[in-house]
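> For reference, the structure I am asking about is given below.
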Amino acid sequence: MLSCFPETIFGGLSRLRVLRIGNFSEELDSFPYLNSIQDLSSLESLTINGGWRSRIKYLPDQFQRLTALNSLSIWHFKGVEALPEWLGDLASLQTLKLQFCMNLKYLPTATAMQRLSKLRKLEIRDCPFLVKIVPRGVALSGPRFLISQTYKYFGWLAPLLLWPFWSEVLAVLGRVLWGMPVGMG
895 MLSCFPETIF GGLSRLRVLR IGNFSEELDS FPYLNSIQDL SSLESLTING GWRSRIKYLP
955 DQFQRLTALN SLSIWHFKGV EALPEWLGDL ASLQTLKLQF CMNLKYLPTA TAMQRLSKLR
1015 KLEIRDCPFL VKIVPRGVAL SGPRFLISQT YKYFGWLAPL LLWPFWSEVL AVLGRVLWGM
1075 PVGMG
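Per the numbering used here, the sequence shown starts with residue 895, numbered consecutively.
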């Protein structure tokens, strides 16, 4: 298992558009060395998956330099309690997905979130503290943000969420089960 990234791992990949990294060692309590990620000037979609046993507590500051990013998915970071304020500096961000972040309690401040003028979808799944703070189906600042509680009673469906087709099917199923119009979100 890779415990840290070579310093220049992303140096020659400036045209990379999609990146998925994850399943970090449970021995790590901070993010591996990622300074060269800022060289990914064309990166549009980033998925980071801490893994079921991740103890990482903070997202790396280098992510704030990914100015072309329009989709950010954060999965399985049980050590993260708050999203950083710099998240509001990702001006191109259209979709933010937070999934299985069991101890996540705080989004960035309202001021930081308002700077995300292009954000169209905020999806929160299986982040129990955030669901308690923002009730299911409540829209924040108009239709741009929709907080949805997910398959709390259908945990056995979680592996299907890894497949885009089934993720969409289950999203529709979730909206129907929770009494939300299918066209929302």
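Here a beta-carbon is modelled for each residue, glycine too, at the ideal position from N, C-alpha and C.
What's the call for Trp946, buried or exposed, on a 16-neighbour Cβ count within 10 Å?
The residue you call residue 946 lines up with position 52 of the sequence shown. It is exposed - the Cβ of Trp946 has fewer than 16 other Cβ atoms within 10 Å.
> Since Thr989 and Asn964 are thought to touch, with beta carbons under 8 Å apart, how far apart are those beta carbons, to the nearest angstrom?
What you label residue 989 is simply residue 95 of the sequence shown in a count that begins at 1. What you label residue 964 is simply residue 70 of the sequence shown in a count that begins at 1. Right, the Cβ-Cβ distance comes to about 7 Å (below 8 Å), so this counts as a contact.
> Just reading off the beta strand (DSSP E) that Gln993 is part of, what are its end residues?
Mapped onto the sequence shown, residue 993 falls at position 99. Looking at the DSSP string, the run of the beta strand (DSSP E) that includes Gln993 is Thr989 to Gln993.
> Given a threshold of 16 other Cβ atoms within 10 Å of its Cβ, counted over all protein chains shown, does Asp955 qualify as buried or as exposed?
Taking the first residue of the sequence shown as 1, we reach residue 955 at position 61. When all chains shown are included, Asp955 counts as exposed.
> Check whether the Cβ atoms of Leu934 and Leu910 sit closer than 9 Å, and answer yes or no.
Within the sequence shown, residue 934 is the residue found at index 40, counting from 1. Within the sequence shown, residue 910 is the residue found at index 16, counting from 1. The answer is yes: Cβ separation under 9 Å.
> When the Cα atoms are used, what is the spatial distance from Arg997 to Leu984?
As a position in the sequence shown, residue 997 is number 103, starting the count at 1. As a position in the sequence shown, residue 984 is number 90, starting the count at 1. Just to set this straight, residue 997 is Asn in the shown sequence, not Arg. So the two alpha carbons sit approximately 23 Å from each other.
> Give the C-beta separation of Leu937 and Leu953 to the nearest angstrom, bearing in mind that I take them to be a contact with Cβ-Cβ under 8 Å.
Start at 1 with the first residue of the sequence shown, and residue 937 comes out as number 43. Start at 1 with the first residue of the sequence shown, and residue 953 comes out as number 59. Contact between Leu937 and Leu953 is absent: CB atoms are separated by about 15 Å, not below the 8 Å threshold.
> Tell me the DSSP secondary structure of Arg959 in three-state form.
As a position in the sequence shown, residue 959 is number 65, starting the count at 1. Arg959: helix per DSSP, three-state reduction.
> Could you give the DSSP three-state label for Leu966: helix, strand or coil?
Translated into positions along the sequence shown, residue 966 becomes position 72. The answer is strand: DSSP assigns Leu966 an E or B state.
> Contact defined as beta carbons within less than 8 Å: I believe Ile950 pairs with Phe994. What is the distance between those atoms, to the nearest angstrom?
As a working note, residue 950 is residue 56 in the sequence shown. As a working note, residue 994 is residue 100 in the sequence shown. The pair is not a contact, with the Cβ atoms about 13 Å apart (cut-off 8 Å).
> Please go through the same chain and pick out, in chain order, the residues whose beta-carbon is closer than 8 Å to the beta-carbon of Gly916, but skip the five residues on each side of it.
The count along the sequence shown starts at 1 and reaches residue 916 at position 22. Closer than 8 Å at Cβ, skipping near neighbours: Thr941, Ile942, Asn943, Gly944, Gly945, Trp969 and His970.
> Taking Phe1023 as the reference, which of Ser1011, Gln1008 and Lys999 has the closest Cα?
In the sequence shown, the residue the question calls residue 1023 occupies position 129. Among Ser1011, Gln1008 and Lys999, the Cα nearest to that of Phe1023 belongs to Lys999.
> Hey, how far is the Cα of Glu975 from the Cα of Thr1003?
Taking the first residue of the sequence shown as 1, we reach residue 975 at position 81. Taking the first residue of the sequence shown as 1, we reach residue 1003 at position 109. Each residue's alpha carbon lies about 14 Å from the other.
> Roughly how many angstroms separate the alpha carbons of Ser1011 and Leu981, rounded to a whole number?
The sequence position of residue 1011 within the sequence shown is 117, counting from 1. The sequence position of residue 981 within the sequence shown is 87, counting from 1. Near 12 Å, if we compare the C-alpha coordinates of Leu981 and Ser1011.
> Rank Ser908, Ser948, Glu979 and Asp1020 by C-alpha distance to the C-alpha of Gly973 and give the top, closest one.
As a first step, residue 973 must be located in the sequence shown, where it is residue number 79. Minimum Cα distance to Gly973 is reached at Ser948.
> Does DSSP put Tyr1045 in a helix, in a strand, or in coil?
Here residue 1045 corresponds to residue number 151 of the sequence shown, with the count starting at 1. Below a pLDDT of 50, predicted positions are generally treated as unreliable, and Tyr1045, at 39, falls in that range; the measurement from the model is reported next regardless. DSSP places Tyr1045 in coil when its eight states are reduced to three.
> Which residues does DSSP list as the beta-bridge partners of Ala1004?
By 1-based counting over the sequence shown, the position of residue 1004 is 110. Answer is none; Ala1004 lacks a bridge partner.
> Do you know how far the Cα of Met1007 is from the Cα of Ile931?
Indexing the sequence shown from 1 puts residue 931 at position 37. Indexing the sequence shown from 1 puts residue 1007 at position 113. Those two C-alpha atoms are separated by around 23 Å.
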